[in-house]
Each structure stands twice: as C-alpha cells, then as structure tokens.
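Enquirer:
In the working numbering, the protein residues as written are 115 to 171.
#1: If you run the structure through DSSP and keep just helix, strand and coil, what is residue 158?
#2: For residue 127 and residue 147, what's the separation of their Cα atoms in angstroms?
#3: Among 169, 170 and 160, which one has its Cα closest to the Cα of residue 133?
#4: Which of the three DSSP states, helix, strand or coil, is assigned to residue 170?
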C-alpha cells in the first residue's frame, strides 16, 4: 500500500487541492472495491506537508 506523508498548513488553496485529491482518490479506491474500513485505516494519518509540494515544483 502506498503511504503518503503530507500536513495541512497555512496554505488554503493548496489544502483545498489536497482535500479534493484525497476525496477523488478515496472514490476511485471505493470503485475498485476497497472497503471504507481499509480506506479509513490507510488514510487516517495522511496530511499535507506544503514543504514537500514546494520541493516537488
């Protein structure tokens, strides 16, 4: 399973994009048959780290 380590800071637009991405990813996973319990477990500590995004650009 892919582990993503990311923390929402004071970047509202970035946080909004991340939230939308997470919502879409969860929907795609559900459509692929992954249970809600598995999604909850896998994503419980996933957060946005703006510095990671900055370094990726």
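Don't be surprised by glycine CBs; every beta carbon is placed ideally from N, CA and C. In this text, all values refer to a predicted model and were calculated from it rather than measured experimentally.
Expert: The short version:
#1: coil
#2: 30 Å
#3: 160
#4: helix
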